[in-house]
């Protein structure tokens, strides 16, 4: 059973990375047509609606009435994340900003290890290393690197 879960996790991680790359590629052309502000509005509102829909299907009834403190903290962190995202957009490349912004799920096992003392499995560690190698290939040094200007 654990082997099946690992395969499903790897499959979803691969699909997620492909969709992030496709989304960045599509945003490049959407910006040329509509501009940065409408593109970012569509990106965040569309993503927010999709995440709300997924959460409402899977676990909306599980939120306890007095357990809003953790949700409030998450909202504050999300607000700061969006603020830093837009600051990064105004000072750098769109591809680099979106790529680095979307690497935040890679730090969940590290945070879980630091705060909850849960061990990181070899499979998760290997997936994190492969992901950072992919990021290095996209942002790496050489002839085919990303133009940061």
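Numbering (the UniProt record's numbering), first residue to last: 1 to 149. Every residue, glycine too, gets a C-beta built ideally from N, C-alpha and C. Small disclaimer: the values here were computed from a predicted structure and weren't measured.
TODO: Answer with buried or exposed for residue 91, where buried requires no fewer than 16 other C-beta atoms within 10 angstroms of its C-beta.
DONE: Here residue 91 is taken as the residue at index 91 of the chain shown, counted from 1. Burial call: exposed.
Open item on the list: I'd like to know whether the C-beta atoms of residue 20 and residue 98 end up nearer to each other than 9 Å.
Closed with: Within the chain shown, the letter at position 20 stands for residue 20. Within the chain shown, the letter at position 98 stands for residue 98. Cβ distance < 9 Å, so residue 20 and residue 98 count as in contact.
Open item on the list: Counting C-beta neighbours from all protein chains within 10 Å, is the total for residue 39 16 or more, i.e. buried, or is it exposed?
Closed with: The residue labelled residue 39 in the question sits at position 39 within the chain shown. By the neighbour-count rule (16 or more Cβ atoms within 10 Å), residue 39 is buried.
Task: Residue from 124, 27 and 41 with nearest C-alpha to residue 93 - done: Taking the first residue of the chain shown as 1, we reach residue 93 at position 93. Out of 124, 27 and 41, 27 has the C-alpha closest to the C-alpha of residue 93.
Task: Whole runs of the alpha helix (DSSP H) within the UniProt domain "EamA" (10-139), excluding any shorter than 4 residues - done: Those alpha helix (DSSP H) runs which fall completely within the UniProt domain "EamA" (10-139) and span 4+ residues are 36-59, 68-91, 94-101, 108-116 and 122-139.
Task: Through-space distance from residue 78 to residue 37, alpha-carbon basis - done: Along the chain shown, read from residue 1 onward, the residue named residue 37 stands at position 37. Along the chain shown, read from residue 1 onward, the residue named residue 78 stands at position 78. In this structure, the straight-line span from the alpha carbon of residue 37 to that of residue 78 is close to 19 Å.
Task: Whole-angstrom distance between residue 105 and residue 158, CA atom to CA atom - done: Coverage of the chain is limited to positions 1 through 149, which leaves residue 158 absent and any answer about it impossible.
Task: Close beta carbons around residue 6, own chain, < 8 Å, minus the five adjacent residues each side - done: Counting from one through the chain shown, the residue named residue 6 turns up at place 6. Correct list, in chain order: 123.
Open item on the list: Can you tell me whether residue 128 is buried or exposed? The criterion is at least 16 other CB atoms within 10 Å of its CB, across all chains shown.
Closed with: Translated into positions along the chain shown, residue 128 becomes position 128. Buried: at least 16 other Cβ atoms inside 10 Å.
Task: Span separating the alpha-carbon of residue 133 from that of residue 10 - done: Here residue 133 refers to the residue found at position 133 of the chain shown. Here residue 10 refers to the residue found at position 10 of the chain shown. Taking the straight line from one Cα to the other gives about 15 Å.
- [ ] Less than 8 Å between the CB atoms is what I'm expecting for residue 135 and residue 103, so what's the real figure, rounded?
- [x] In the chain shown, residue 135 corresponds to position 135, counting from 1. In the chain shown, residue 103 corresponds to position 103, counting from 1. Right, their Cβ atoms sit about 6 Å apart.
Open item on the list: Nearest by alpha-carbon distance to residue 44: which of 29, 72 and 83 is it?
Closed with: As a working note, residue 44 is residue 44 in the chain shown. The option with the nearest alpha carbon to residue 44 is 83.
Task: Nearest candidate by alpha-carbon position, reference residue 3, set 35, 121 and 131 - done: On the chain shown, residue 3 is found 3 positions in, with the first residue counted as 1. Taking residue 3 as reference, the option from 35, 121 and 131 with the minimal CA-CA separation is 121.
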